[in-house]
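A.B. asks: Residue numbers (the numbering used here): 484 to 645.
Next up is a structure, given as structure tokens.
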Amino acid sequence: MDPNRPKSMEGDIVDVLLRIKENGTTSFELTFDHIKALKRCSVNGYEIGGGSTVYINAWAIARDPATWEHADEFLPESFLESDLDPRGQTPELIPFGFGRRGCPGIGMAMAEVELALANVVYKFDWGLPVGMKEEDIDFEVLPGITMHKKNDLRLLAKLVIA
Ligand code: HEM
């Protein structure tokens, strides 16, 4: 680890793991200092004061029409032929952040999401409630740092494999 790293990087997951290794402690706190601008700077003409909290808007990045042809549509198949790597390798798609403070749980998360989705698709036949059409499915989300559906998703699940 670089001993000259800025103070703002202290308390990240690397420090936490080192502390656990060195003193066997299991109580720790992660800081959010890494989302503060280290010094006054200008980005695309916007002046950012030193110490300002800066959030990267991953939602907007993932809907940039310069990258995505149908930015607001749910088209999972568009990833089949895509070179974009969600593991912080391509800035056009950063669900796990990137760099030193990027998500360390990425490997576990990718495996978990795949396993959970594979299980519900494998074990159930999914259908819409009587009278509901595909275009009635509501994709509205609540505002926030993490994304939650505004209204519950209502589907009919028929168990095919117990
Ligand atoms: C789909 C699931 C997940 C998503 C989308 C996700 C996304 C993220 C994002 C965007 C960050 C912030 C990165 C940044 O500030 O640049 C983060 C941080 C973090 N994630 Fe995840 N994560 C997921 C699952 C997990 C799992 C399963 C674990 C642990 C087992 C985990 C542990 C952490 C930790 C400890 C941090 C803080 C790292 C730091 O600040 O140094 N995450 N995650």
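Quick reminder that beta carbons are idealized off the backbone N, C-alpha and C, glycines included.
For the ligand HEM, is there a heavy atom less than 7 Å away from the beta-carbon of residue 579?
C.D. replies: yes
A.B. asks: Rounded to a whole number of angstroms, what is the C-alpha to C-alpha distance between residue 500 and residue 619?
C.D. replies: C-alpha separation (whole angstroms): 47 Å.
A.B. asks: Where does residue 577 land, buried or exposed, given buried means 16+ other C-beta within 10 angstroms?
C.D. replies: buried
A.B. asks: Excluding the five sequence neighbours on either side, which residues of its own chain have a C-beta within less than 6 Å of the C-beta of residue 539, listed in chain order?
C.D. replies: none
A.B. asks: So, helix, strand or coil for residue 600, using DSSP?
C.D. replies: helix
A.B. asks: Closer than 7 Å: is that where the CB of residue 630 sits relative to any heavy atom of the ligand HEM?
C.D. replies: no
A.B. asks: Tell me where the alpha helix (DSSP H) around residue 543 begins and ends.
C.D. replies: 541-544
A.B. asks: Return the residue from the list 595, 561, 610, 506 that minimises the CA-CA distance to residue 641.
C.D. replies: Residue 641 has its Cα closest to that of 610, out of 595, 561, 610, 506.
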